[in-house]
Amino acid sequence: ILNVEQSPQSLHVQEGDSTNFTCSFPSSNFYALHWYRWETAKSPEALFVMTLNGDEKKKGRISATLNTKEGYSYLYIKGSQPEDSATYLCASNTNAGKSTFGDGTTLTVKP
Amino acid sequence: ETGVTQSPTHLIKTRGQQVTLRCSSQSGHNTVSWYQQALGQGPQFIFQYYREEENGRGNFPPRFSGLQFPNYSSELNVNALELDDSALYLCASSRDGGLNQPQHFGDGTRLSIL
């Protein structure tokens, strides 16, 4: 992996469904992995920052895991609600101070 | 606590012109990063300023330059504007280099090049 890649590009789920997305990143020179939620007409909002292999973070119904050796992170949303509809971005920071974002996963939750 | 503010909100320029975008960081933050976001893509890292010094740069040409002031506010300057420079420009502030600190984003400046 040379760039940060997110999958799927978009996702449509029903209210109450649980869902997850993937962020793949270069494992060399890795320093930190960030997840953001970006709602339409708002600015990106920080969800999690993870640095250690095996890290797990949780915020309400949203959680994330990190595998720095294989270069991936998963974001999980349990019991999706319409207000979870947004684009979810991940960004990988290297120890040289460079930040690389993926193109995001756009989640739409239908009532 | 004052959040990150960017100005102007929208801007229209023509090819070859120069533009300056401004960003006021959140209080207590000494690090500012700038990003360019084209439609349908994630933000692309332009550069970061930490305590008034450039602290990392993405793959952008030298006509993209910046400054950070003693109050940690920042400017992004783009010379010789090209049509492809049309994008949303985001500024984000954080503490202490921001590598493992959450970034707080402004609402962005929408730049259109005619």
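Going down the list, the sequences are from chains A and B. Numbering follows my numbering, with no gaps: position 19 of the first sequence is 19. For my numbering, count along the second sequence from 1 and bump the result up by 1000. Even glycine gets a Cβ: it sits at the ideal position worked out from N, Cα and C.
Review point. What whole-angstrom Cβ distance do A:T87 and A:T108 have, given they're in contact under 8 Å?
Key: Locating residue 87 of chain A in the first sequence gives position 87, where the first residue counts as 1. Locating residue 108 of chain A in the first sequence gives position 108, where the first residue counts as 1. So it is not a contact: roughly 10 Å between Cβ atoms.
Practice item. Please name the residue in B:Q1041, B:Q1006 and B:E1053 whose C-alpha comes closest to that of B:D1096. Key: Sequence index remark: in the second sequence, residue 1096 of chain B carries index 96 (1-based). Nearest option by C-alpha distance: B:E1053.
Review point. How many Å lie between B:F1047 and B:P1102 at the Cα?
Key: Taking the second sequence and counting its residues from 1, the one referred to as residue 1047 of chain B is at position 47. Taking the second sequence and counting its residues from 1, the one referred to as residue 1102 of chain B is at position 102. Near 16 Å, if we compare the C-alpha coordinates of B:P1102 and B:F1047.
Exercise for review: Look up B:E1054 in the DSSP assignment and say whether it is helix, strand or coil.
Suggested key: To locate residue 1054 of chain B, count along the second sequence from 1; it is residue 54. In this structure, B:E1054 counts as strand in the three-state DSSP scheme.
Review point. Which residues of chain A have a Cβ atom closer than 7 Å to the Cβ of B:G1028, listed in chain order?
Key: Start at 1 with the first residue of the second sequence, and residue 1028 of chain B comes out as number 28. Ordered by position in chain A, no residue passes the 7 Å Cβ test against B:G1028, which lies about 15 Å from the chain.
Exercise for review: Tell me the start and end of each unbroken beta strand (DSSP E) in the segment 1007 to 1032 of chain B that is at least 3 residues and wholly inside, in chain order.
Suggested key: 1010 to 1013 and 1019 to 1024
Exercise for review: Just the chain A side, please: which residues come within less than 9 Å of B:D1107 by C-beta, in chain order?
Suggested key: Counting from 1 along the second sequence, the entry for residue 1107 of chain B is found at position 107. Here the neighbours are A41, K42 and S43.
Exercise for review: Identify which residue in A:L66, A:K110, A:S85 and A:S80 has its Cα closest to the Cα of A:S27.
Suggested key: In the first sequence, residue 27 of chain A corresponds to position 27, counting from 1. Measuring from the Cα of A:S27, the nearest candidate turns out to be A:L66.
Point to revise | A:L47: first and last residue of the uninterrupted beta strand (DSSP E) it sits in | key: By 1-based counting over the first sequence, the position of residue 47 of chain A is 47. Its beta strand (DSSP E) spans residues E45 to M50.
Exercise for review: Rounded to whole angstroms, what's the CA-CA distance from B:L1076 to A:D17? Just pull it up for me.
Suggested key: On the second sequence, position 76 is the one that residue 1076 of chain B refers to. On the first sequence, position 17 is the one that residue 17 of chain A refers to. Going by the C-alpha atoms only, they are around 42 Å apart.
Practice item. Using alpha carbons as the reference points, say which of A:L33, A:H12 and A:A41 lies closest to A:N95. Key: Numbered from 1 along the first sequence, position 95 holds the residue referred to as residue 95 of chain A. Here the closest residue by C-alpha is A:L33.
Exercise for review: Confirm, please, whether the CB-CB distance from B:G1098 to B:C1023 is below 8 Å.
Suggested key: Position 23 of the second sequence, counting from 1, holds the residue named residue 1023 of chain B. Position 98 of the second sequence, counting from 1, holds the residue named residue 1098 of chain B. No, the Cβ-Cβ distance between B:C1023 and B:G1098 is not below 8 Å.
Review point. What does A:E5 pair with, by DSSP beta-bridge criteria?
Key: For this step, residue 5 of chain A is matched to residue 5 along the first sequence. A:S24.
Review point. Can you tell me the Cα-Cα spacing of B:G1056 and A:G97, whole angstroms?
Key: Looking up residue 1056 of chain B in the second sequence gives position 56. Looking up residue 97 of chain A in the first sequence gives position 97. Going from the Cα of B:G1056 to the Cα of A:G97 covers about 5 Å.
**Study point:** Whole-Å CB distance - B:G1042 paired with A:L52, under 8 Å assumed
**Key:** Numbered from its first residue, the second sequence carries residue 1042 of chain B at position 42. Numbered from its first residue, the first sequence carries residue 52 of chain A at position 52. The Cβ separation is near 24 Å, so there is no contact.
Exercise for review: Spell out a yes or no on whether the segment 1026 to 1045 of chain B and the segment 66 to 82 of chain A are touching, meaning 3 or more CB-CB pairs, one atom from each, closer than 8 Å.
Suggested key: no
**Study point:** Member of A:C23, A:L11 and A:E45 whose CA lies at the smallest distance from the CA of B:G1003
**Key:** The sequence position of residue 1003 of chain B within the second sequence is 3, counting from 1. That would be A:E45, whose Cα lies nearest to the Cα of B:G1003.
**Study point:** Sequence-distant residues of its chain with Cβ nearer than 7 Å to B:D1085 (five each side left out)
**Key:** Position 85 of the second sequence, counted from the start, is the residue given in the question as residue 1085 of chain B. Correct list, in chain order: V1078, L1111 and I1113.
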